[in-house]
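Report on one structure; see the data block that follows.
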Amino acid sequence: MNTELILKFDYDLNCKLRMFKMSKRTLRTYFPSTSGTGTSATPGTNDSTNQPKIRRVEFSQSNVVGDPGNRKPIEEYAHEIRDQVRRAYALSGPTQPRNFIFPRKWQTGQWRSFQKTWFDEFDWLEYSEKKDAAYCLYCYLFFDPGKLEKFGSSVFAKDGYVNWKNAKDTFNQHSTCKTHNNARLKCDDFMN
Numbered sequence: 001m002n003t004e005l006i007l008k009f010d011y012d013l014n015c016k017l018r019m020f021k022m023s024k025r026t027l028r029t030y031f032p033s034t035s036g037t038g039t040s041a042t043p044g045t046n047d048s049t050n051q052p053k054i055r056r057v058e059f060s061q062s063n064v065v066g067d068p069g070n071r072k073p074i075e076e077y078a079h080e081i082r083d084q085v086r087r088a089y090a091l092s093g094p095t096q097p098r099n100f101i102f103p104r105k106w107q108t109g110q111w112r113s114f115q116k117t118w119f120d121e122f123d124w125l126e127y128s129e130k131k132d133a134a135y136c137l138y139c140y141l142f143f144d145p146g147k148l149e150k151f152g153s154s155v156f157a158k159d160g161y162v163n164w165k166n167a168k169d170t171f172n173q174h175s176t177c178k179t180h181n182n183a184r185l186k187c188d189d190f191m192n
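When we follow full-length UniProt numbering, the leftmost residue of the sequence shown carries the number 1, and every step to the right adds one.
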């Protein structure tokens, strides 16, 4: 019993000593002061106010990538500049290289290629010279990757459509699909 009392006394004494030492700590023991050089001790802070610097990210019209096959998806841009990116691309309009000689590919037993007359029929249609693929400007700008879709909105937003045999039918189906029309309405609302 005597041993238990001594152990309890030792424990209590150690706790009190630790608390006493901790009470002697000041703010400076946690945050050392800077030398009088005028520089901030914390990297990434404003020297005059010692406030964290906020790096402003911007996107301008000069950053627009013309070829849709070379573009980075909207969701890969920093969240705070996505609207700037959308506005810049919407103002640029769809990439429609009308004077380009579209390459022919052997598809399903015939030589086929993208047809420039499709630009007149589908105002949203874009073409990538690099990938020889078709894209949708509205779906690129406002595609929601988390939603189920029909008629290849992800194909028209990211991958590119390349089946020229059925292209016109697919473009017509895409024009009437809900995902595309929602993207088009979002773009109209966004620009107004």
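Don't be surprised by glycine CBs; every beta carbon is placed ideally from N, CA and C.
Check, Outcome
"Rounded separation between residue 141 and residue 94 - CA only", "11 angstroms"
"Supposed contact pair residue 111 and residue 167 - C-beta distance, whole angstroms, cut 8 angstroms", "Not confirmed; about 14 angstroms, so no contact."
"Identity of the residue in 174, 57, 115, 159 nearest residue 96 by Cα", "115"
"Bridge-paired residues (DSSP) for residue 136", "125"
"Closest by C-alpha distance to residue 172, when choosing among 186, 185, 153", "153"
"Which listed residue (82, 109, 190, 130) has its alpha carbon closest to that of residue 103", "130"
"Close beta carbons around residue 5, own chain, < 7 angstroms, minus the five adjacent residues each side", "Bear in mind that the predicted position of residue 5 carries a pLDDT of just 47, short of 50, making it unreliable; the figure below should be weighed with that in mind. If we look at residue 5 and ignore the five residues flanking it on each side, it has no Cβ neighbours."
"Cβ-Cβ separation, residue 88 to residue 60 (assumed contact under 8 angstroms), whole Å", "7 angstroms"
"Residue 165: CB within 7 angstroms of a non-hydrogen atom of the ligand NAP", "Here there are no bound small molecules, and the ligand NAP is not part of this structure."
"Residues bridged to residue 161 [DSSP beta-bridge criterion]", "134"
"Residue range of the unbroken alpha helix (DSSP H) whose run includes residue 178", "178-191"
"Helix, strand or coil at residue 112 [DSSP, three-state]", "strand"
"Which residues DSSP lists as bridging residue 173, in chain order", "None, per the DSSP bridge assignment."
"Contacting residues, own chain, Cβ-Cβ under 7 angstroms from residue 187 (five flanking each side not counted)", "90, 138, 141, 142"
"Cβ distance (whole Å) where residue 126 is taken to contact residue 84 below 8 angstroms", "Residue 126 to residue 84, Cβ: 20 angstroms. No contact."
"CB of residue 66 within 8 angstroms of CB of residue 133, strictly", "no"
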